[in-house]
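Undergrad: One structure is given below, represented as structure tokens, and several questions about it will come after.
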Amino acid sequence: MRLRISKRLVVFVIVGVLMVSGCTPKEVVSNSSSATSTATEASTKTTAQTTETTTEATSVPEATNEAIPGMKDLPRLEGKATVVMMVKGSPITIEVDGTNAPITAGNFVDLVQRGVYDGLVFHRVVRQPQPFVVQGGDPKSKDPKTPSQLLGTGGFIDPKTGSERYVPLEIKPQGSDTPIYSKTFEMAGVTQPPVLQHKLGAVAMARSQMPDSASSQFYFALADLGFLDGNYAVFGYVKEGMDVVNKIQQGDRIDSAKITQGAENLKNGGK
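Anchor point for the sequence shown: position 51 equals 32 in our numbering, and the numbering is continuous, going up by one each time.
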């Protein structure tokens, strides 16, 4: 496929690379006239579907009071933390931003602290027809016997509940004191750009078409991906080691991930 092919066709071709459980962030396809999204089976019918949603955007204090069931029990990062992820013996330093994405960042740091990411595979690497993402974080990938067709379908099973932990979509608009929850910016009628944007080196959560379906899978942005802004939750940035990210191949494993600074900012962590 060539870059000169119809932009809309490119959307459908690359859509699916941030797949979780075989679903699609359809609202991105509806919004974006160029480049890509983060799941599969995109449909042009989704603009009508998403605009029919009546769920109200929720601020952090409201969510804590169970506007989103279970929210108050989720890990929360109050401030920033630094995570060093080792891949093939080389470090990737990630600054995790709990100031602007407390629940999303808290979930990631909690999973790092639990050792969930150690040994997991990067099951999707998309650099053609243009740099897009490196995606990993499926716990199923730890077992080398897991069939390739199942990679990208799993999430973190919380030992306390025995069920998969999901975190709400959390994106903070510029000029706002709190993030918006459980809605894309289009769904919420937000026109401002987010504070945390899909710039080169952004680290964000993959999810299905349901806003509150992110669990453990994450991705590195291999380029500026502004068409994803307002649709997926960025929670940090690569500060050092982007050269390592750029060398990751599909099937490479995470040697380890450790919190090197800011562990004390994690609240409700499980370990």
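Glycine is no exception: its CB is placed at the ideal position from the N, C-alpha and C atoms. These numbers were taken from a predicted model, which means no experiment stands behind them.
1) Determine the extent of the beta strand (DSSP E) in which GLU245 is found, giving its start and end residues.
2) Let me confirm a value: GLY232 is counted as buried when at least 16 other C-beta atoms fall within 10 Å, else exposed. Which label applies?
3) Please give the ranges of any alpha helix (DSSP H) in the region 207 to 246, keeping only runs that are unbroken, at least 4 residues long and fully inside the region.
4) Considering only the beta carbon of each residue, do GLY60 and ASN246 sit closer than 7 Å?
5) In whole angstroms, what separates the C-alpha of ALA202 from that of GLN116?
6) So LEU177 and ASP78 are supposed to be a Cβ contact under 8 Å. How far apart are they, rounded?
7) Using a Cβ-Cβ cut-off of 8 Å (strictly less than) and excluding sequence neighbours within five positions of TYR147, which residues of its own chain qualify?
8) Would you mind working out which of LEU101, SER157, LYS53 sits nearest THR85, comparing C-alpha positions?
9) Taking all protein chains shown into account, do 16 or more other C-beta atoms lie within 10 angstroms of the C-beta of LYS126, making it buried, or fewer, making it exposed?
10) Could you give the C-beta distance for SER189 and MET67, rounded to a whole number, given that I count them as a contact under 8 Å?
11) Since PHE201 is in the beta strand (DSSP E), which residue starts that stretch and which ends it?
TA: Once the coordinates are examined:
1) Numbered from its first residue, the sequence shown carries residue 245 at position 264. No beta strand (DSSP E) contains GLU245, which DSSP labels as neither H nor E.
2) Here residue 232 refers to the residue found at position 251 of the sequence shown. Classification of GLY232: exposed, given that the 10 Å Cβ count is below 16.
3) 223 to 226
4) For this step, residue 60 is matched to residue 79 along the sequence shown. For this step, residue 246 is matched to residue 265 along the sequence shown. Yes, the pair counts as a contact, with Cβ atoms nearer than the cut-off.
5) Here residue 202 refers to the residue found at position 221 of the sequence shown. Here residue 116 refers to the residue found at position 135 of the sequence shown. Distance between the alpha carbons of ALA202 and GLN116: 9 Å.
6) As a first step, residue 177 must be located in the sequence shown, where it is residue number 196. As a first step, residue 78 must be located in the sequence shown, where it is residue number 97. Right, the Cβ-Cβ distance comes to about 6 Å (below 8 Å), so this counts as a contact.
7) In the sequence shown, the residue the question calls residue 147 occupies position 166. Once the five neighbours on either side are set aside, the close Cβ partners of TYR147 are GLY136, ASP193, SER194, ALA195, SER196.
8) By one-based count along the sequence shown, residue 85 stands at place 104. Looking at the Cα atoms, LYS53 is the closest of the given residues.
9) Residue mapping note: residue 126 aligns to position 145 of the sequence shown, counting from 1. Exposed, by the Cβ-count rule.
10) Position 208 of the sequence shown, counted from the first residue, corresponds to residue 189. Position 86 of the sequence shown, counted from the first residue, corresponds to residue 67. About 29 Å separates the two Cβ atoms, so there is no contact after all.
11) Locating residue 201 in the sequence shown gives position 220, where the first residue counts as 1. Here the beta strand (DSSP E) through PHE201 covers 199 to 202.
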